[in-house]
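*Asks:*
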Amino acid sequence: MSNEMISDAANEAVDNMLDFDDDPLSATGVSRKSLVIFFLIDTSGSMKGKKMGELNTVMEELIPEIRKVGEADTEVKVAVLTFSTDVRWMYSTPISIEDFEWARLRANGVTSMGAAFKELSLRMSRNSFLNSPSLSFAPVIFLMTDGYPSDDYREGLRELQSNSWYKFGLKAALGIGNEANDDVLAEFTGTPDTVVHAYSGGQLAQMIKIIAVTSSQIGSKSMTLSDDTGREIGEEDVFAAKQKLLGQQIQELVGKNVEESDVPFDTGW
Numbered sequence: 004m005s006n007e008m009i010s011d012a013a014n015e016a017v018d019n020m021l022d023f024d025d026d027p028l029s030a031t032g033v034s035r036k037s038l039v040i041f042f043l044i045d046t047s048g049s050m051k052g053k054k055m056g057e058l059n060t061v062m063e064e065l066i067p068e069i070r071k072v073g074e075a076d077t078e079v080k081v082a083v084l085t086f087s088t089d090v091r092w093m094y095s096t097p098i099s100i101e102d103f104e105w106a107r108l109r110a111n112g113v114t115s116m117g118a119a120f121k122e123l124s125l126r127m128s129r130n131s132f133l134n135s136p137s138l139s140f141a142p143v144i145f146l147m148t149d150g151y152p153s154d155d156y157r158e159g160l161r162e163l164q165s166n167s168w169y170k171f172g173l174k175a176a177l178g179i180g181n182e183a184n185d186d187v188l189a190e191f192t193g194t195p196d197t198v199v200h201a202y203s204g205g206q207l208a209q210m211i212k213i214i215a216v217t218s219s220q221i222g223s224k225s226m227t228l229s230d231d232t233g234r235e236i237g238e239e240d241v242f243a244a245k246q247k248l249l250g251q252q253i254q255e256l257v258g259k260n261v262e263e264s265d266v267p268f269d270t271g272w
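Dropping the structure here:
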């Protein structure tokens with residue numbers, strides 16, 4: 004699918020949005036839109052110290068930037084799932100970005116990524132975290148980790164992949180430090196184009212902001228597509244185009260920032 008397929012109507016409301024079941028391709032006539040941004044954050048013991056301190060700081064700085072994302076008729080919410088020996092939600096329900104306050108995280112334990120995938124799949128439902136009384140964009144899902152999973156992540160990922168919200172959501176991942184496995188992260192996102200890596204505090208701050216802001220902007224954008232004949236293309240292709248656009252923009256922005264930024268990259272962990 005070429006970039007030309009993204010039509011000039013990209014900022015117009017789509018005719019067919021999400022209904023109140025767990026099929027992101029269902030239709031409804033409600034005009035209010037909701038976007039949930041899921042952050043999956045590794046809080047295992049290897050994140051202790053500078054990594055976790057710098058992650059907490061950049062997330063505190065990020066929230067005001069996300070508040071600028073979306074249009075007047077889009078309600079943006081945030082849900083944070085942490086995983087170490089146990090998996091925990093920062094809050095018991097997604098919080099409106101206007102009211103969200105970051106609770107500083109602490110690191111300890113092992114990396115139960117598979118358990119986090121299962122918990123996300125359980126909560127990513129109209130019966131749970133996606134029960135907004137409005138039509139919904141497919142969610143944004145952002146995974147951050149510094150190591151290899153200590154449990155069977157593939158079993159959890161298979162369960163997650165059966166979730167329609169995951170299937171059509173925008174997915175991105177950030178590897179932190181030398182031990183993070185980008186191949187595992189690409190399994191999660193479905194493409195290496197939406198995986199980036201940070202080897203220092205300066206890079207960590209840049210990469211988190213690039214991914215979070217870019218994915219939120221694309222995720223909250225209504226988009227229609229047409230083929231070479233002008234025929235409108237189905238919703239599944241719209242979701243695929245958004246994921247492809249996310250990968251392109253992330254790689255462009257990451258490359259540009261690495262080349263032009265004056266942020267020092269010699270403050271590794």
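Counting from 4, one number per residue, gives the positions in the sequence shown under my numbering. In this text, a Cβ means the ideal position worked out from N, Cα and C, and glycines have one as well.
Within the continuous alpha helix (DSSP H) that includes residue 192, where are the two ends?
*Replies:* Counting from 1 along the sequence shown, the entry for residue 192 is found at position 189. Looking at the DSSP string, the run of the alpha helix (DSSP H) that includes residue 192 is 185-192.
*Asks:* Give every residue of the same chain whose Cβ lies closer than 8 Å to the Cβ of residue 210, excluding the five residues on either side of it in the sequence, and list them in chain order.
*Replies:* As a working mapping, residue 210 is identified with position 207 in the sequence shown. Around residue 210: 177, 199, 200, 201, 257.
*Asks:* Suppose the cutoff is 7 Å on Cβ atoms and the five residues either side in sequence are ignored; what does the same chain contact list for residue 215 look like?
*Replies:* Walking along the sequence shown from the start, residue 215 turns up at place 212. Correct list, in chain order: 65, 69, 145.
*Asks:* With DSSP collapsed to three states, give me the class of residue 205.
*Replies:* Position 202 of the sequence shown, counted from the start, is the residue given in the question as residue 205. Helix.
*Asks:* Considering only residues of the same chain and omitting the five flanking positions on each side of residue 272, which have a CB-CB separation below 6 Å?
*Replies:* If you number the sequence shown from 1, residue 272 lands on position 269. Counting only Cβ-Cβ distances below 6 Å, and skipping sequence neighbours, we find 53, 54, 180.
*Asks:* If you measure from the CB of residue 214, is any heavy atom of the ligand ATP nearer than 8 Å?
*Replies:* For the structure depicted, the ligand ATP is absent and the ligand set is empty, with no information on it obtainable.
*Asks:* Pick out the complete beta strand (DSSP E) segments inside the segment 88-138, 3 residues or longer, and give them in chain order.
*Replies:* Taking only runs of at least 3 residues, the beta strand (DSSP E) segments lying wholly in the segment 88-138 are 90-92.
*Asks:* Pull up the distance between the alpha-carbon of residue 134 and that of residue 166, whole angstroms please.
*Replies:* Taking the first residue of the sequence shown as position 1, residue 134 is located at position 131. Taking the first residue of the sequence shown as position 1, residue 166 is located at position 163. Spanning the two alpha carbons is a distance of roughly 15 Å.
*Asks:* Could you pull the DSSP bridge partners for residue 82 from this structure?
*Replies:* Position 79 of the sequence shown, counted from the start, is the residue given in the question as residue 82. Note: residue 82 sits in a beta bridge opposite 41.
*Asks:* Return the chain-ordered list of same chain residues with a C-beta closer than 7 Å to the C-beta of residue 98, the five sequence neighbours on each side being excluded.
*Replies:* As a first step, residue 98 must be located in the sequence shown, where it is residue number 95. If we look at residue 98 and ignore the five residues flanking it on each side, its Cβ neighbours are 80, 81.
*Asks:* From residue 245 to residue 131, what does the alpha carbon distance come to, in whole angstroms?
*Replies:* Residue 245 sits at position 242 when you count from the first residue of the sequence shown. Residue 131 sits at position 128 when you count from the first residue of the sequence shown. Whole-angstrom Cα-Cα distance: 25 Å.
*Asks:* So residue 125 and residue 41 are supposed to be a Cβ contact under 8 Å. How far apart are they, rounded?
*Replies:* Locating residue 125 in the sequence shown gives position 122, counting from the first residue. Locating residue 41 in the sequence shown gives position 38, counting from the first residue. That pair is no contact at about 12 Å.
*Asks:* Starting from residue 56, follow the alpha helix (DSSP H) in both directions and report where the run begins and ends.
*Replies:* As a first step, residue 56 is located in the sequence shown; it is residue number 53 there, counting from the start. Taken as a continuous stretch (DSSP letters only), the alpha helix (DSSP H) holding residue 56 covers 53-69.
*Asks:* Quick one: Cα of residue 102 to Cα of residue 251, how far?
*Replies:* Against the sequence shown, residue 102 aligns to sequence position 99. Against the sequence shown, residue 251 aligns to sequence position 248. Computed Cα separation, rounded: 31 Å.
*Asks:* I need the boundaries of the alpha helix (DSSP H) containing residue 170, first residue and last residue.
*Replies:* Counting from one through the sequence shown, the residue named residue 170 turns up at place 167. Per DSSP, the unbroken alpha helix (DSSP H) holding residue 170 starts and ends at 167-171.
*Asks:* Return the first residue and the last residue of the alpha helix (DSSP H) that residue 162 is part of.
*Replies:* Against the sequence shown, residue 162 aligns to sequence position 159. Judged by DSSP secondary structure, residue 162 falls within the alpha helix (DSSP H) whose first and last residues are 156-164.
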